[in-house]
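This report concerns only the one structure given below.
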Amino acid sequence: MSRMTGESDGIYDAVVIGGGPVGCRAAESACRNGLSRVLVLEEHPETGSPVQCAGLLSVSAFREAGLRDDDACILNRISGARVFAPSGECLCLKGKGVMAYAVSRKLFDRKLAENAAAAGVQFRMKTTVLKTEIVRMKDGTPLRKVTAVSAGKETVFYARIVIAADGVRSTVSRREGFAVPDRIVLAGFQNECQFRPEFPDDVEIYIGSRVPGFFAWAVPLGDETSGIGRIGLAVDPSAAGKDGDVTCASAFFEKLIRETPSLKERIGPSAFEFVVGAIPVTPLSKTYGEAFLVAGDAAGQCKPVSGGGIYTGLKAADIAGKCAAQAVLSGDVSEKSLKIYESRWKASFGKEIDFGMKFHRFRRSMTDEEMNTLIHEMNDPALLNMITEYGDIDHPSVLITKLLFSKHALKLTKIVGRLIRML
Ligand SMILES: Cc1cc2nc3c(=O)[nH]c(=O)nc-3n(C[C@H](O)[C@H](O)[C@H](O)COP(=O)(O)OP(=O)(O)OC[C@H]3O[C@@H](n4cnc5c(N)ncnc54)[C@H](O)[C@@H]3O)c2cc1C
0 MSRMTGESDG IYDAVVIGGG PVGCRAAESA CRNGLSRVLV LEEHPETGSP VQCAGLLSVS
60 AFREAGLRDD DACILNRISG ARVFAPSGEC LCLKGKGVMA YAVSRKLFDR KLAENAAAAG
120 VQFRMKTTVL KTEIVRMKDG TPLRKVTAVS AGKETVFYAR IVIAADGVRS TVSRREGFAV
180 PDRIVLAGFQ NECQFRPEFP DDVEIYIGSR VPGFFAWAVP LGDETSGIGR IGLAVDPSAA
240 GKDGDVTCAS AFFEKLIRET PSLKERIGPS AFEFVVGAIP VTPLSKTYGE AFLVAGDAAG
300 QCKPVSGGGI YTGLKAADIA GKCAAQAVLS GDVSEKSLKI YESRWKASFG KEIDFGMKFH
360 RFRRSMTDEE MNTLIHEMND PALLNMITEY GDIDHPSVLI TKLLFSKHAL KLTKIVGRLI
420 RML
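Numbering (numbering that gives the first Met the number 0), first residue to last: 0 to 422.
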């Protein structure tokens, strides 16, 4: 175990690695819970860039972020979804009002960074963390030594605790030995481009073997006059016969557009932004260590049903910041004391992730015929009413469970029976 070198006034209460939404929020939470020297290290020159997101947030996720319903980052208000079976049949789902916002992730992330800065968080941009390790002060107090590169120079920071919020690839937590065997990571691809929505308040969803293991989306960013949308998809590489290849999505995207004339004819020639990214479906089996917490995509805290990671990530960030502050202020950053972080985030949304992983395995096993039957049979007023009543983007298990055990769903028994057995 190495000893600390350097000045003690160089010690931060907490260093947060990654200035994405989760890192900003965790840092803000640490400050608001009593820490005074909190530093975010971000490798890019600005937060929210490059974008790796469809930018669709439930209204409650948006409020969870502490933003107002008239914030400038909102580009569109979404009140429904149109799900297209492989056969082309459409299931029109409606919420009780506005269900989600399509946001500019650049502006959204910037707002979270501003909120963190207002709470006292410091930022160091263009600083890439290479590794963290435990060192001890002369009296045995543990510290995290954070080694980073900034402007080509190696720089060292010391912190009483580190929160790794460095996204799905999280080299930092992997170096700490936090890994999951057989982890499922979806490959995503998206094009922000000219797009003519049929219904500007509805997202379009495309399912079937053309999008192995997941789905494709078209998110309108305004009414017909704005003429812009985000068209994208994510695929499960193992369901696509491309095990471990998180770059395989663009080929499926091109094929989907080529083979779906109803979508293709509404996409214009101008493309404004391409997004290539990965979505973790499996959470880390352990998200804490000595003076160390992992949060957000780095911890695999996404919702497997929808791939959304902002709602759950922000929840985890709040908990991580609070647990970090309590541990530092009590002088006990041991692994044992930080276990509370994992218990708390699991109590908050762990069941939703467990359910979502089972649902994901079921979805992966469905044939096109089964999806066609499912969409056809769900086009039933009683079931559509249930969807309007119980649909909740952040808690899909509530609706799915209600549907599974509803008398109206008896005709679906053959298909959903398999899901019931998997739950
Ligand atoms: C195609 C696609 C579409 C998506 N659509 C949605 C959606 O509609 N709704 C939704 O809720 N979620 C969506 N997601 C998921 C969502 O984007 C993530 O869950 C969310 O961004 C996670 O936030 P985060 O802060 O954990 O990680 P990130 O946003 O990835 O932020 C991590 C930050 O860490 C920085 N970093 C990484 N390594 C280092 C290092 N070594 N040193 C310093 N800094 C580092 C990165 O530069 C980055 O800024 C989508 C994902 C993809 C790929």
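Glycine residues also receive a C-beta, built at the ideal position from the N, C-alpha and C atoms.
Scanning its chain for C-beta atoms nearer than 7 Å, with the 5 sequence neighbours on each side dropped, one finds around His394 the residues Glu351, in chain order. Of all C-beta pairs linking the stretch 133-144 to the stretch 108-118, fewer than three are shorter than 8 Å, placing the two stretches out of contact. For Ser364, the uninterrupted alpha helix (DSSP H) run begins and ends at 350-364, by DSSP. Under DSSP, Pro180 takes part in no beta bridge, so it has no partner.
Beyond the five residues adjoining it in sequence on each side, Lys321 comes within less than 7 Å, by CB distance, of Ser28, Asn32 in the same chain, given in chain order. Three or more beta-carbon pairs separated by less than 8 Å link the stretch 385-405 to the stretch 303-313, which places the two stretches in contact.
In the displayed model, Ser103 falls within coil according to three-state DSSP, outside both helix and strand. A distance below 8 Å separates the beta carbons of Val14 and Phe156. Contact between Ala324 and Leu38 is ruled out by a C-beta separation of about 14 Å, above the 8 Å threshold. Proximity of the beta carbon of Asp296 to ligand 1 is indicated: a heavy atom of the ligand is located closer than 7 Å. Across the structure, Asp181 and Asp69 are spaced so that their CA atoms are roughly 42 Å apart. Sequence-distant Cβ neighbours of Asp244 in its own chain, meaning closer than 6 Å and more than five residues away, are Pro236. Taking a 10 Å sphere around the C-beta of Glu153, we find fewer than 16 other C-beta atoms and assign the residue as exposed. Residue environment analysis places Ala26 among the buried positions, since at least 16 neighbouring C-beta atoms fall within 10 angstroms of its C-beta. For the pair Val82 and Ile266, the CB atoms are not nearer than the 8 Å cut-off. In the structure shown, Phe83 adopts extended strand secondary structure according to DSSP, grouped into three states. Shortest gap from the CB of Thr154 to any heavy atom of ligand 1: 7 Å or more.
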